[in-house]
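Numbering (the working numbering), first residue to last: 1 to 584.
Using N, Cα and C, we set each Cβ at its ideal position, and we do this for glycine too.
In this text, all values refer to a predicted model and were calculated from it rather than measured experimentally.
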């Protein structure tokens with residue numbers, strides 16, 4: 001999924017450095033500004049990290065890849081220019097997403113979110129979901145928590161000092177209409193050690209969790225069961241076994257939420273989030289919110305950020321070298337309906353030093369921010385690229401900002417438009433052997449498909465999902481070909497039957513080749529299918545291993561496609577290659 005064109009986009013960076021005479025004061029300049037997504041699709045980035053091998057990885061969702069309505073989406077970025085190095089979808093046939101991601105040792109990552117699972121009779125449920133991937137892109141954990149009679153979501157995950165993990169989120173009984181905050185403790189191999197629910201009859205949520213210096217845990221979120229008003233920001237302290245020690249609420253009569261919690265010192269903690277207040281003219285406004293509290297939950301100080309003519313929210317924050325914080329979120333001029341990503345710098349005492357916005361003409365926001373060095377920061381979020389009078393279209397978004405001594409004047413680089421195309425789509429069991437996809441004939445999962453360029457160089461491979469679908473994306477305009485790898489117990493059905501290219505089988509019945517495919521810029525070609533016939537053992541027509549290129553079959557060999565194994569060391573097109581081995 002490469003960067004795509006936005007049409008006319010206005011990006012504004014308006015950062016001001018107050019206290020310029022102080023050695024601790026600093027300003028930021030945009031190094032790169034990139035969006036990631038397909039034409040007419042929707043993508044989001046909810047979290048970003050830097051791995052041990054210095055790669056940047058964002059986690060979110062996309063409705064372009066995979067088989068479902070929305071899939072969890074991971075993207076690996078080049079820190080120098082923000083280019084998308086590799087990406088991969090994960091998920092079921094329904095809606096799935098990742099809300100948090102953490103780096104683990106040896107360059108791996110673990111993400112947490114939710115996965116929707118069908119229950120039959122038009123009913124489904126969602127489980128909290130944890131997936132671990134090592135540095136070579138192999139899946140080492142895939143865990144779900146909840147069950148068919150509940151809906152559960154993981155919003156936050158941390159690695160604990162014992163090598164395990166703690167997941168924070170929500171859980172609700174099926175059709176109950178209210179949620180509880182939920183903590184799930186896992187050991188290093190993913191086994192559940194304990195889980196604890198917190199809350200009463202109303203909606204209670206845990207958005208963020210940390211392990212404190214004493215070995216216990218603090219989670220922050222929102223509660224409607226305790227406190228005042230619609231919802232109050234909520235902090236909950238537990239011991240190492242998940243037993244509650246205390247909880248505290250913060251806020252007034254409006255909707256107040258804690259999005260992220262931090263330990264500042266041995267005795268002081270803080271959270272950032274959103275607080276709501278009512279203006280004199282009965283108008284409701286929201287401010288970004290910073291609140292410091294002590295080890296018993298008592299408030300030490302608070303700062304609201306925004307003002308009476310805007311609505312503002314803080315989703316994430318990171319420490320700065322001067323002892324302060326850099327907050328990331330969104331801001332909207334009251335009544336405009338358009339939000340920008342918003343960065344706010346606080347000093348060590350929690351006072352605002354400066355703030356600045358980045359964005360276009362629609363609804364944009366920063367959901368996660370990290371510091372990648374002493375002087376560099378990267379945030380990830382959502383960029384609304386909807387053209388005028390067109391259907392909604394959002395992209396995942398990432399921006400790198402570096403500290404500078406003096407602000408660098410001049411225009412800010414806009415997202416770089418790059419051609420992107422896609423080839424797919426389906427491998428099915430041809431039950432009646434007529435070479436055409438008929439109603440009720442099932443897809444076949446786990447079938448490998450290999451993509452080649454016009455010179456026969458192997459570019460990448462994909463396996464079909466459980467429903468039989470596959471896709472290759474991030475493709476420039478050009479000529480390609482495919483090879484479907486026949487699974488054991490199947491033969492290819494007749495090719496090119498009927499008059500509808502979207503319903504016939506394109507795979508050569510002998511070697512599984514398909515093509516050539518002439519792809520135009522930004523084109524999606526979902527007409528490349530393969531039908532398979534299930535046969536009894538011992539009657540497979542091709543005795544050769546189907547992973548050989550069948551060079552001995554001169555009557556069916558495509559001379560333009562050279563043997564895969566002979567080409568493994570060839571130079572490949574770095575812009576197009578997206579092998580799973582390079583995900584991390």
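Exercise. Applying the criterion that 16 or more other CB atoms from any shown protein chain within 10 Å of the CB defines a buried residue, is residue 31 buried or exposed?
Worked result: buried
Exercise. Quick one: what does DSSP say residue 106 is sitting in, helix, strand or coil?
Worked result: helix
For this session: May I ask which residues mark the beginning and end of the beta strand (DSSP E) holding residue 437?
Result: From DSSP, residue 437 is part of no beta strand (DSSP E); its letter is neither H nor E.
Problem set entry | Exposure of residue 395, with buried meaning 16 or more beta-carbon neighbours within 10 Å | buried
For this session: Hey, could you find the ends of the beta strand (DSSP E) residue 286 is sitting in?
Result: 284-294
Exercise. Near residue 297, what residues of its chain come up, given a Cβ to Cβ distance below 8 Å and the 5 sequence neighbours on each side ignored?
Worked result: 235, 237, 246, 247, 248
For this session: Measure from the alpha carbon of residue 433 to the alpha carbon of each residue in 351, 27, 373, 504, then state which is nearest.
Result: 504
Problem set entry | CB contact flag (residue 116, residue 61, <8 Å) | no
Exercise. In this structure, does DSSP put residue 539 in helix, strand or coil?
Worked result: With a pLDDT of 48 at residue 539, under the threshold of 50, the modelled position of that residue is not reliable, and the figure given next carries that caveat. In the structure shown, residue 539 sits in coil (DSSP, three-state: anything other than H, G, I, E or B).
For this session: Please determine, among 70, 105, 27, the residue with the shortest C-alpha to C-alpha distance to residue 53.
Result: 105
Problem set entry | N-terminal and C-terminal residue of the beta strand (DSSP E) that residue 318 is part of | 310-319
Exercise. Among the residues of its own chain, which have a CB less than 6 Å from the CB of residue 559, if the five just before and after it don't count?
Worked result: Per-residue confidence for residue 559 stands at a pLDDT of 38, beneath the threshold of 50, marking its modelled position as unreliable; the derived number appears in the next sentence. Excluding sequence neighbours, residue 559 sits near nothing in its chain.
Exercise. Do you know how far the Cα of residue 442 is from the Cα of residue 467?
Worked result: 8 Å
Exercise. Does DSSP classify residue 432 as helix, strand or coil?
Worked result: coil
Exercise. Would you call the CB atoms of residue 462 and residue 449 closer than 8 Å?
Worked result: yes
Exercise. For residue 469, which three-state DSSP category applies?
Worked result: strand
For this session: Look up residue 165 in the DSSP assignment and say whether it is helix, strand or coil.
Result: strand
Exercise. Residue 382: beta carbon under 7 Å from a heavy atom of the ligand SAM?
Worked result: Judged by which ligands are present, the structure shown has none, so any question about the ligand SAM falls away.
For this session: Return the first residue and the last residue of the beta strand (DSSP E) that residue 247 is part of.
Result: 244-250
Problem set entry | Nearest-angstrom Cβ-Cβ length linking residue 302 and residue 290, presumed shorter than 8 Å | 7 Å
For this session: In the DSSP assignment, find the beta strand (DSSP E) that holds residue 41 and state where it starts and stops.
Result: Segment: none, residue 41 is in no beta strand (DSSP E) and carries neither H nor E.
Exercise. Taking the C-alpha atoms as reference points, what is the distance between residue 262 and residue 269?
Worked result: 6 Å
For this session: Let me know the secondary structure DSSP gives residue 345 once reduced to three states.
Result: strand
Exercise. Counting along the chain, where does the beta strand (DSSP E) carrying residue 368 start and finish?
Worked result: 365-371
Exercise. With distances taken from CA atoms, which of 456, 44, 510, 224 is nearest residue 517?
Worked result: 456
Exercise. Looking only at its own chain, which residues have a Cβ that is under 7 Å from the Cβ of residue 436, when we skip the five neighbours before and after it?
Worked result: 497, 498, 503, 504
Exercise. Skipping 5 residues on each side, what residues in its chain have a beta carbon closer than 8 Å to that of residue 150?
Worked result: 125, 171, 172, 173, 174
For this session: Would you identify the three-state DSSP class for residue 146, choosing helix, strand or coil?
Result: coil
Exercise. My guess is that residue 317 and residue 369 are in contact by the Cβ rule of under 8 Å, so how many angstroms apart are they, rounded?
Worked result: 7 Å
Problem set entry | Assigned exposure category for residue 34 - 16 Cβ within 10 Å defines buried | buried
Exercise. Around the C-beta of residue 89, are 16 or more other C-beta atoms found within 10 angstroms, so that it is buried, or is it exposed?
Worked result: buried
Exercise. Do the region 145-164 and the region 74-88 make contact, defined as three or more Cβ pairs closer than 8 Å?
Worked result: no
Problem set entry | Which residues DSSP lists as bridging residue 159, in chain order | 165
Problem set entry | Buried versus exposed call for residue 176 [16 or more other C-beta atoms within 10 Å across all chains shown] | exposed
For this session: Could you pull the start and end residues of the beta strand (DSSP E) that residue 237 belongs to?
Result: 232-238
For this session: State the beta-bridge partners of residue 402 as determined by DSSP.
Result: 29, 376
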